[in-house]
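Single-structure report; data block below.
Number of protein chains: 2
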Amino acid sequence: MKLFTTAGLAGVSASIFLLLSNSSIAQTRPLNLKVTSLSDKVLNGPITIEKQGSFFVGGRDIESSTLSTLPAYAQSGTITVDQMYVRYQAPVKAKNTAIVMIHGCCLTGKTWESTPDGRMGWDEYFVKRGYPTYVIDQSGRGRSAVNATAMNAAKMGKEAPEKLPVVFAASHESAWTIFRFGSEYPKVYEGQKFPIAAQNGLWQQMVSDWLFSMPTPNPTVPNLSLLSKQLKKTILMSHSQSGIYPFQTAQLSNEGIAGIIAVEPSACPAADGDLSAYTKMPIMILYGDYMEISPRWAPRLKACRAFTEKANQAGGKVELLLLPEAGINGNSHMIMQDSNSIQIADILGSWIEQRIKN
Amino acid sequence: MKLFTTAGLAGVSASIFLLLSNSSIAQTRPLNLKVTSLSDKVLNGPITIEKQGSFFVGGRDIESSTLSTLPAYAQSGTITVDQMYVRYQAPVKAKNTAIVMIHGCCLTGKTWESTPDGRMGWDEYFVKRGYPTYVIDQSGRGRSAVNATAMNAAKMGKEAPEKLPVVFAASHESAWTIFRFGSEYPKVYEGQKFPIAAQNGLWQQMVSDWLFSMPTPNPTVPNLSLLSKQLKKTILMSHSQSGIYPFQTAQLSNEGIAGIIAVEPSACPAADGDLSAYTKMPIMILYGDYMEISPRWAPRLKACRAFTEKANQAGGKVELLLLPEAGINGNSHMIMQDSNSIQIADILGSWIEQRIKN
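Those protein sequence lines, which keep their order, are chains A and B.
All the letters of the first sequence, read from the start, carry residue numbers 1345 to 1702 under my numbering.
All the letters of the second sequence, read from the start, carry residue numbers 1345 to 1702 under my numbering.
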């Protein structure tokens, strides 16, 4: 079994160069990258895992007198909140650099697992590429507990209902536009690469989001910092709403952070702020298609381009890849679930190999 | 790589017979089982996965006008609720029988993953033993979305706060007694096998529980039925609060259910009810230690013994294993996380091999 040796990876099924030189963004560096793919045997064959499991990072104990309105469960006592769930897999002969995958709004770590139409997820792809891979549920999401005591306080009449936590669910109709499947539900952009026929598999992934009821700073950020220190050398790979978290984590401390990959970040650091924390590591900002025609996303792209320019002027190594500029069209906001998700993973895997010393 | 062949399993590190003949429970059959363990190489070595991923079962679309109290997210629209998250791993040369693992109260599928002190979870053990293994989050728990629209209805003043969903969190102190770590927090029963020093790793797993706000029947049950039919041949392995679910699933349909393993069920079917659905498959009911001294658990054990007797009188194949009666002492309610969790998994793995035709 030599699935993960360099020799195995050298058996590439495709090798392309991505060279960008869009004059309108001359301030961002051209992406000079030799893209290598996994061999069919590695991609489609079995995977050998050296070690796997799950654990939590962080959390704090709180006392509450509104734990329950049921006689069978005590009203008062101690619970743990703000911890962050982490599931990991490490291949045999793993590389030294880990990858931490951080999902976005209204979703959980499921984002990175197998796609709505049943293809391999990036969580598995990057293990096959040799990287120990850590998939988290943000604090207060999925398997990371929310603090629901305020609900019972309102139910018991101890707090006014207006004080209830802010919790929202994104509808299919609004997610449709936010995820750039089309201009409005149920219209589909021409060339769309999200597997629209399997959309139900995405709706099933969506969860209510307690983001705006979380403490400040969001505990996910210090928890990512703890995790990075524990891993010693990791790439923080974010998506969408979590896009700013790796940057905020790097501001807390660079320790353990070897690089940042921001997949479709909803925000980059302010271009006119202190950028010193972001000049110490390679950074990749990746966006799909239909950006300029989206009133929600066009300004975000513009702001991330401004950040890229300023960070590089300050000595940074930031690259912004807008996929259509590399001739890759049709990607939605859910790039890791799009029909060409493995092609994009090849680009990111190659970027890591060529930008970050293992 | 022949990790999962019969030859590999034959390299056992221990082989004991469990023979029970407690005259006080003569109505339950003596457990005649040859217990085989995984070899050290298989247990501690890497694992080769043929296929892994995750998906959802079930769910329904609802319209709501209280999705959000934030301007950025639409108040009205469609969301999907009641679906059930499933993560799976299948080894190479997998057996034909799958195992579905169903967590209990206030917990998620994390229950079955690596233990609070970092040892291998049963999710991985049973894959190493050759079984395709499916770990679920119950509908409305963990990565399976809750329907939080009633919270916003109360927050907006559209519903009275008394109508808020019933949601409870089990405190460390109450869980301590329920999980039989000791008679009361923080006393520890003599010989306790739960890794008490790592208790924080259990508190981090606990989540708020919406069980009593779920529709009737709990969607987890029809979802388990759908999953069983899809898998064609599976064992439903429950824990604690979910103990009754495999039985309720079998009542809906036997299709796809090859057997039931109830780990520390909080309830068995009523002994005086119609037991015909439970006579068609081997059933194992497993309990740990300190049962008779627990006011909560002693009556549950008694009721499950009565069920066992009546089901067997009706032609069933139900076995009830109280571990101390097999000379295994010190197990808490969280058997899959206790220090001897692999020893107990060996018993269950052997039981499956000897009772259920592959």
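Glycine included, every Cβ here is placed at the ideal spot set by N, Cα and C.
Between the C-alpha atoms of Leu1568(B) and Gln1543(A), what's the straight-line distance to the nearest angstrom?
Translated into positions along the second sequence, residue 1568(B) becomes position 224. Translated into positions along the first sequence, residue 1543(A) becomes position 199. If you take the alpha carbons of Leu1568(B) and Gln1543(A), they lie about 22 Å apart.
For the beta strand (DSSP E) holding Leu1664(B), just list the boundary residues, first then last.
Here the question's residue 1664(B) lines up with position 320 in the second sequence. Looking at the DSSP string, the run of the beta strand (DSSP E) that includes Leu1664(B) is Lys1661 to Leu1666.
Could you check if Val1607(A) belongs to the surroundings of the ligand GDP, using beta carbon to heavy atom distance under 7 Å?
With respect to the ligand GDP, the structure offers nothing, as it holds no ligand at all.
So the beta strand (DSSP E) Ala1442(A) belongs to, where does it begin and stop?
Taking the first residue of the first sequence as 1, we reach residue 1442(A) at position 98. Start and end: Ala1442 to Ile1446.
Beta-carbon of Ala1489(B) versus every beta-carbon of chain A: anything under 8 Å?
Within the second sequence, residue 1489(B) is the residue found at index 145, counting from 1. Yes - at least one Cβ of chain A is within 8 Å of the one on Ala1489(B).
Please return the same chain residues whose Cβ sits closer than 8 Å to the Cβ of Ser1420(B), not counting the five positions on each side in sequence.
Residue mapping note: residue 1420(B) aligns to position 76 of the second sequence, counting from 1. Cβ neighbours of Ser1420(B) beyond the five flanking positions: Glu1407, Ser1408, Ser1409 and Leu1411.
How should Ile1637(A) be labelled, buried or exposed, when 16 other C-beta atoms within 10 angstroms of its C-beta is the threshold for buried?
Within the first sequence, the letter at position 293 stands for residue 1637(A). Ile1637(A) comes out exposed.
I'd like to know if Leu1387(B) contacts chain A, where contact means its C-beta is closer than 8 Å to some C-beta of that chain.
Position 43 of the second sequence, counted from the start, is the residue given in the question as residue 1387(B). Chain A contact via Cβ: absent.
Report the residue ranges of all alpha helix (DSSP H) runs contained in full by the stretch 1547-1610 of chain B; include only those spanning at least 4 residues, in chain order.
The stretch 1547-1610 of chain B contains these whole alpha helix (DSSP H) runs: 1564-1575 and 1589-1596.
Could you check if Asn1702(A) is buried or exposed, using at least 16 other CB atoms within 10 Å of its CB as the buried criterion?
Counting from one through the first sequence, the residue named residue 1702(A) turns up at place 358. Burial call: exposed.
What residue from Val1471(A), Thr1422(A) and Lys1437(A) has the CA that sits closest to Arg1431(A)'s CA?
The residue labelled residue 1431(A) in the question sits at position 87 within the first sequence. Among Val1471(A), Thr1422(A) and Lys1437(A), the Cα nearest to that of Arg1431(A) is on Val1471(A).
Quick check on the burial criterion: 16 or more other C-beta atoms within 10 angstroms. Buried or exposed for Ala1434(A)?
In the first sequence, residue 1434(A) corresponds to position 90, counting from 1. Burial call: buried.
DSSP state of Met1628(A), grouped into three classes?
The sequence position of residue 1628(A) within the first sequence is 284, counting from 1. Correct three-state label for Met1628(A): strand.
Can you tell me which of Leu1571(A), Gly1545(A) and Glu1599(A) puts its alpha carbon nearest to the alpha carbon of Arg1463(A)?
Looking up residue 1463(A) in the first sequence gives position 119. Considering only alpha carbons, the answer is Gly1545(A).
Determine, using beta-carbon pairs with one atom in the stretch 1444-1458 of chain B and one in the stretch 1562-1576 of chain B, whether at least three such pairs fall under 8 Å.
A contact exists between the stretch 1444-1458 of chain B and the stretch 1562-1576 of chain B.
Report the residue from Ile1540(A), Met1500(A), Gly1535(A) and Thr1392(A) whose alpha carbon sits nearest the alpha carbon of His1516(A).
Counting from one through the first sequence, the residue named residue 1516(A) turns up at place 172. Looking at the Cα atoms, Ile1540(A) is the closest of the given residues.
Kindly list, in the order they appear in chain B, the residues whose Cβ is closer than 7 Å to that of Trp1547(A).
In the first sequence, residue 1547(A) corresponds to position 203, counting from 1. Chain B residues near Trp1547(A): Thr1424.
My assumption, with CB atoms under 8 Å, is that Tyr1631(A) sits in contact with Glu1653(A). Please give the rounded CB distance.
Translated into the one-based positions of the first sequence, residue 1631(A) becomes position 287. Translated into the one-based positions of the first sequence, residue 1653(A) becomes position 309. Actually they do not touch by this definition, with Cβ atoms about 15 Å apart.
Is Gln1698(A) helix, strand or coil when you go by DSSP?
Locating residue 1698(A) in the first sequence gives position 354, where the first residue counts as 1. Three-state DSSP puts Gln1698(A) in a helix.
Please confirm if Val1662(B) has its CB atom under 8 Å from at least one CB of chain A.
As a working note, residue 1662(B) is residue 318 in the second sequence. Output row for Val1662(B): interface = no.
If we cut at 8 Å on Cβ distances, does Ala1541(A) have a partner in chain B?
On the first sequence, residue 1541(A) is found 197 positions in, with the first residue counted as 1. Judged by the 8 Å Cβ criterion, Ala1541(A) is not in contact with chain B.
With DSSP as the reference, please indicate the residues paired to Ser1426(A) in a beta bridge.
For this step, residue 1426(A) is matched to residue 82 along the first sequence. A quick correction: the sequence has Asp, not Ser, at residue 1426(A). Paired residues: none, contrary to the question.
The alpha helix (DSSP H) with Ser1518(B) in it runs from where to where?
Numbered from 1 along the second sequence, position 174 holds the residue referred to as residue 1518(B). That run of the alpha helix (DSSP H) goes His1516 to Ile1522.
Counting only the same chain and skipping the five closest in sequence on each side, list residues whose C-beta sits under 6 Å from that of Thr1455(A).
Residue 1455(A) sits at position 111 when you count from the first residue of the first sequence. Once the five neighbours on either side are set aside, the close Cβ partners of Thr1455(A) are His1447.
Just confirm the distance between the C-beta atoms of Tyr1417(B) and Ala1642(A), as a whole number of angstroms; I'd bet it's less than 8 Å.
Indexing the second sequence from 1 puts residue 1417(B) at position 73. Indexing the first sequence from 1 puts residue 1642(A) at position 298. Their Cβ separation, rounded to whole angstroms, is 20 Å, which puts Tyr1417(B) and Ala1642(A) out of contact at 8 Å.
So, under 8 Å CB-CB, Lys1502(A) and Asn1675(A) are touching, yes? Tell me the CB distance rounded to an integer number of Å.
If you number the first sequence from 1, residue 1502(A) lands on position 158. If you number the first sequence from 1, residue 1675(A) lands on position 331. Lys1502(A) to Asn1675(A), Cβ: 48 Å. No contact.
For Ala1606(B), which residues of its own chain have a beta-carbon under 6 Å away from its beta-carbon, when the five flanking residues on both sides are left out?
Working through the second sequence from its first residue, we reach residue 1606(B) at position 262. These residues qualify, in order along the chain: Ser1582, Gly1587 and Ile1629.
Could you give the distance in angstroms between the alpha-carbon of Tyr1622(B) and the alpha-carbon of Pro1590(A)?
Locating residue 1622(B) in the second sequence gives position 278, where the first residue counts as 1. Locating residue 1590(A) in the first sequence gives position 246, where the first residue counts as 1. So the two alpha carbons sit approximately 52 Å from each other.
Could you name the residues of the same chain whose beta carbon sits closer than 7 Å to that of Pro1566(B), not counting the 5 residues immediately before and after it, in chain order?
Locating residue 1566(B) in the second sequence gives position 222, counting from the first residue. Closer than 7 Å at the Cβ level, and outside the excluded window around Pro1566(B), lie Gly1402 and Leu1596.
Can you confirm whether Gly1486(B), when its beta carbon is compared against all beta carbons of chain A, has any partner nearer than 8 Å?
In the second sequence, the residue the question calls residue 1486(B) occupies position 142. So yes, Gly1486(B) belongs to the interface.
Would you please verify whether the beta carbon of Phe1525(B) is less than 8 Å from any beta carbon of chain A?
One-based indexing of the second sequence puts residue 1525(B) at position 181. With 8 Å as the cut-off, Phe1525(B) does not count as an interface residue toward chain A.
State the beta-bridge partners of Val1510(B) as determined by DSSP.
Taking the first residue of the second sequence as position 1, residue 1510(B) is located at position 166. Val1510(B) pairs with nothing; no bridge assigned.
Starting from the beta carbon of Lys1437(A), find every residue of chain B whose beta carbon is closer than 7 Å, and list them in chain order.
The residue you call residue 1437(A) lines up with position 93 of the first sequence. None at all; the shortest Cβ gap to chain B is about 10 Å.
Assuming Gln1714(B) is part of the beta strand (DSSP E), what are its boundary residues?
Residue 1714(B) falls outside the range modelled here, since chain B spans only 1345 to 1702, and no answer is possible.
Would you tell me roughly how many angstroms separate the C-alpha atoms of Val1379(B) and Ile1691(B), rounded to the nearest one?
On the second sequence, position 35 is the one that residue 1379(B) refers to. On the second sequence, position 347 is the one that residue 1691(B) refers to. Each residue's Cα considered, the two are about 6 Å apart.
With 16 other CB atoms within 10 Å as the buried threshold, where does Asn1366(A) fall?
Reading the first sequence from its first residue, position 22 is the one you call residue 1366(A). Residue placement at Asn1366(A) cannot be trusted, given a pLDDT of 46 that sits under 50; the coordinates are not used to answer.
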